[in-house]
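Student:
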Amino acid sequence: PNGKHATFARLRQTMGTCYYDSWIFHTPLELRDENRNNKFCINVYDRINTGEIYPRQKLIPELKRTGYKNRFYRQKPLELFRILLTDSRAETLIKAGYKKLLQRIMDSGWTLSIDNYFQSIRICIRNGYKIKDAIMWCDYVDMLRFFGKDLHNAKYVCPTDLKAEHDRYVIKKAKANARLAIEKQLEKEADYRQAKEKFFGLMFSDGLISVRVLESVAEIVAEGRAMKHCVASYHSKADSLILTACIDGKKIETIELSLSQLRVIQSRGKCNKCTEYHSQIINLVESNISQIQERLAA
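What follows is the structure, encoded as structure tokens:
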């Protein structure tokens, strides 16, 4: 009744094999409780693989009262029974009809997960809210927590259209993660300045196209966003110098130049496409390599 248990079984082969169900059949059926005094080792008998389960069950009254109806919800019987007998919240989920939610939380690790959701689950039960997609609902609650929303408020935890709200927060979190990534990049501003400061102010033009060095991590990040390509992280490349090519102030292509080879590695327009000015831009940069070489030697 209090969740304490013992396993009545034969000895099991645990050395030199990956099979937990490799029974030593000539050994007697006895109470097995290996490693009880070793907190760093899991009792092998607690990890019995349950591919097939004997259908006839004789249950103690305490287990019957939990609402258990001969379904294991894809869990190990021992683990399910132990949780039902020791944590009344599991009983609450079964009796409220939240069986898929019980399965979802047990799949994630009951002890680690139930505290994250149970107060919100109580609000759902109180409001008669049906959780049809347990995985999506848990993911949605995790995002609400990320944004500091009130998890005791039915307005948030009982959405009329779960999928629409879930998808809205997925987009919102993606934007938040992108902002955090940019903030982390900006923290490296001092390192970038120290590494590339000697090239700052470098600019050359052929009369139509002007090319200049991007002088900060913020400028490189802005370049990546404007041109919709992945240059935003290139500030960390020690051997690369990042330049931008413009016509009348409008960005045309972004250039990556190798400082060790003194040549253009790539020049890309918006969405990584080459523009009609591609060859002209590369020729302009390569014809001014001597300016870069002078600053490199300074």
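Take any residue in the sequence shown, count from 1 to its spot, add 159: that is its number in this note's numbering. Backbone N, C-alpha and C fix where the C-beta goes; we use that ideal spot for every residue, glycine too. Keep in mind it's a predicted model, so treat the numbers as computed, not measured.
1. Is the number of C-beta pairs between the stretch 334-346 and the stretch 375-385 that are closer than 8 Å three or more?
2. Can you give me the C-alpha to C-alpha distance between N229 and I212, rounded to a whole angstrom?
3. Per DSSP, what are the beta-bridge partners of R371 in this structure?
4. Bridge partners of F167, per DSSP?
5. Could you tell me if E356 is buried or exposed, where buried requires 16 or more neighbouring beta carbons within 10 angstroms of its beta carbon?
6. If you drop the 5 nearest sequence neighbours on each side, which residues of the same chain put their C-beta closer than 8 Å to that of M295?
7. Taking a contact to mean a Cβ-Cβ separation below 7 Å, would you say E250 touches T270 in this structure?
8. Going along the chain, which unbroken runs of the alpha helix (DSSP H) with 4 or more residues stay wholly within the stretch 228-307?
9. I need the straight-line Cα distance from I448 to C297, nearest angstrom please.
10. Within the same chain, show all residues whose beta-carbon is closer than 8 Å to that of Y328, passing over the 5 residues directly before and after it, in chain order.
11. Classify Q216: buried if its beta carbon has 16 or more other beta carbons within 10 angstroms, exposed otherwise.
12. Does Q425 come out as helix, strand or coil in the three-state DSSP assignment?
13. Grab me the residues of Y393's own chain with a C-beta within less than 7 Å of its C-beta, minus the 5 sequence neighbours each way, in chain order.
14. If you drop the 5 nearest sequence neighbours on each side, which residues of the same chain put their C-beta closer than 6 Å to that of D365?
15. If you draw a straight line from the C-alpha of I280 to the C-alpha of K396, how long is it?
16. Thinking C-alpha only, which one of I440, C433 and E221 is nearest R422?
17. Output the residue ranges of the alpha helix (DSSP H) runs that lie fully inside the stretch 318-346 and measure 4 residues or longer, sorted by chain position.
18. Leaving out five residues before and five after D266 in sequence, what residues of the same chain have Cβ atoms less than 6 Å from its Cβ?
19. In this structure, does DSSP put I440 in helix, strand or coil?
20. For E453, name the three-state secondary structure that DSSP assigns.
21. Rounded to whole angstroms, what is the Cα-Cα separation between I242 and Y257?
22. Give a single yes or no on whether Y276 has its beta carbon closer than 6 Å to a heavy atom of the ligand MN.
23. Within the continuous alpha helix (DSSP H) that includes L416, where are the two ends?
Tutor: In this structure, then:
1. yes
2. 11 Å
3. M362 and T403
4. L190
5. exposed
6. L321, K322 and H325
7. no
8. 236-245, 247-254, 258-266, 269-285 and 293-305
9. 56 Å
10. Y299, M302, L303 and F306
11. exposed
12. strand
13. I379, S399, I401 and E415
14. L443
15. 48 Å
16. I440
17. 321-345
18. none
19. helix
20. helix
21. 15 Å
22. This structure lacks the ligand MN; in fact it carries no ligand of any kind.
23. Taken as a continuous stretch (DSSP letters only), L416 belongs to no alpha helix (DSSP H), being part of the beta strand (DSSP E) at K409 to S417.
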